[in-house]
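Report on the following structure.
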Amino acid sequence: MNRNNQKRDFMQPKEPLQKNGKNFRAWKQLMKLALSQYPWKDLITHPFTPQDLTAYGFEDDDEEVRQYIMFSIDPAIVEAIGEPLTAYDTWKALSDKYDSELDTEAAEFDLYSCIIKANESIKGHIEHMDDL
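In the working numbering, each residue carries its 1-based index in the sequence shown increased by 53.
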């Protein structure tokens, strides 16, 4: 962690997380890549409580990562997720909001774009749609 109180220069995503969340998966991968340069990736993958962060001396590091995430998203999203206390809580709030929305949209797209193939039976097509 940032024990010597040096400010780290994170790699900024080229585009912030859009308010509609359409670029969430790409943004998420870029954020993980930026944070993986340092041991700070644990702050978004492990649910430290504020008390744990203080006990381990990581509260400044956690706040730096939380702010980095907050400054990398559209301001409308900040309003939507509120003020999570830790970097993990911030990451989880974004994942909970946008991972499920994108999964639902992808499933709907697959269902609505499902076209019967020329050599497919109607029964087989309906079974395929049920699987979706």
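Even for Gly, the Cβ is constructed at its ideal location relative to N, Cα and C.
| Query | Result |
| --- | --- |
| When we look at the beta-carbon of A171 and count the other beta-carbons within 10 Å, is it buried (16 or more) or exposed? | exposed |
| I need the straight-line Cα distance from K72 to K150, nearest angstrom please. | 11 Å |
| Can you name the start and end residues of the alpha helix (DSSP H) that L130 belongs to? | Before going on, a small fix: residue 130 reads as Ile here, not Leu. Segment P128 to I134, the alpha helix (DSSP H) holding I130. |
| Where does the unbroken alpha helix (DSSP H) through L96 begin, and where does it stop? | K94 to T98 |
| Thinking C-alpha only, which one of D152, L96 and A79 is nearest D142? | L96 |
| Kindly give me the distance between the Cβ atoms of W93 and V118, rounded to whole angstroms, as I take these residues to be in contact under 8 Å. | 5 Å |
| If we count the other Cβ atoms within 10 Å of its Cβ and call it buried at 16 or more, is I175 buried or exposed? | exposed |
| I122 and M84: beta carbons closer than 8 Å? | yes |
| Rank T139, I126 and Q82 by C-alpha distance to the C-alpha of W74 and give the top, closest one. | Note that residue 74 is Gly in the sequence shown here, rather than Trp. The residue with the shortest Cα to Cα distance from G74 is I126. |
| Where do the ends of the alpha helix (DSSP H) carrying Q77 lie? | Correcting the residue identity first, residue 77 is Phe in this sequence and not Gln. Its alpha helix (DSSP H) spans residues F77 to L88. |
| For L138, which three-state DSSP category applies? | coil |
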